[in-house]
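What follows is a single structure, written as structure tokens, with notes after it.
Residue numbers (my numbering), protein chains in the order written: chain A, 38 to 234; chain B, 1262 to 1474.
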């Protein structure tokens, strides 16, 4: 049975007095995958932040309802803690609920095992993105939001992302991607939320 | 049962690796403590009361430096807590514990160094002195956390300007205990300080743990 974890009829979001998204009708289900499409400044990141509870702007008089599901966002700004090593970040962000062996295995799958003892502040943007994907793999949240999924990823990194999406699809976990145009990553039946209109 | 050691561990590891942390501030303050008597009167032994007052001044500067060493960014913190599915309440309880673990020993080191270098003894009973240092630490930590979350300033200078008067007023309370007053009066001061500490602690806890979403 699917859960409607977010429903909004007139979602208006912005920063201060400036409105970024106006009167958007939204209804998200945990058994569907979505792609948010829009040009620069259309509000893709704002919407993803809102869905993942990371939005800190003005919600005006929007009426919406959230169901309590585990939503994880990989945004364009990284979340990992700079002065911790990769393995420490993995253990911290999984609340020590995952064994070191499992972390090692996943990091190895994502090609990051050699860097597990390195501080995040020494990582490149691509390495940070890979690490966040690996942690998302470990956590396996009910909903995963990825802002500009292909940013910073090389060919191998993109392949790893596709594998993650495939795994999530097999586990019937929902994914929300945002980009300027449809990416058709792994499959093409994403439900589209078009912010250009 | 407290099972959020991973947050305390993360905070302490972060402190250990933070270049602007107290591991830099304390030695710097210690050098100041060493140089100050030489600069002030060109000798080591000066009037005790004068040094106790100066010690308060050093503690104020120390506590302020502590407060502005690693500003919390609300935006980044929100992302971190959501990413790890860490409850705000758990985070701030652990944060308070780790700040205390970091602050208290360094405050004690600083006070001891001050006493050694300036050849000034403690003016009151050691237990009273210890309790007042603990109260001072708790108040400094909670004031620091409150200001960081309330103002969300990125500017350390603005934080510095706002924090100094508050830490000064907290120090004025501790001053009579350190300056060595009548034991009965010390008890009254300590009870007063306890009340203020409880008030600051409970208010800041309430403020930090409420849901901002």
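Note that the Cβ used here is the ideal one computed from N, Cα and C, for glycine as well.
Item, Value
"Which chain B residues sit within Cβ distance under 8 Å of residue 118(A)?", "1271, 1275 and 1341"
"Residue range of the beta strand (DSSP E) that residue 61(A) falls in?", "55–66"
"Beta-carbon separation of residue 1325(B) and residue 1421(B) under 8 Å?", "yes"
"Where does residue 1466(B) fall in DSSP's three states?", "helix"
"DSSP three-state label for residue 73(A), please.", "strand"
"Alpha carbon to alpha carbon, what distance is there between residue 204(A) and residue 1349(B)?", "31 Å"
"Which residues in the same chain as residue 1431(B) place their Cβ atom closer than 6 Å to its Cβ, once the five residues preceding and following it in sequence are excluded?", "1400"
"Taking its Cβ as the centre, do 16 or more other Cβ atoms sit within 10 Å of residue 45(A), making it buried, or is it exposed?", "buried"
"Taking DSSP as the reference, what is the three-state secondary structure of residue 1455(B)?", "helix"
"Which residues of chain B have a Cβ atom closer than 8 Å to the Cβ of residue 110(A), listed in chain order?", "1340, 1343 and 1344"
"In terms of alpha-carbon separation, which member of 51(A), 54(A) and 61(A) lies closest to residue 43(A)?", "61(A)"
"Which of helix, strand or coil does DSSP assign to residue 95(A)?", "strand"
"Whose Cβ in chain A lies nearer than 8 Å to the Cβ of residue 1347(B)?", "132"
"Confirm, please, whether the CB-CB distance from residue 144(A) to residue 128(A) is below 8 Å.", "no"
"Between the region 1266–1277 of chain B and the region 105–117 of chain A, can you find at least three pairs of beta-carbon atoms closer than 8 Å?", "no"
"Under three-state DSSP, which class holds residue 160(A)?", "coil"
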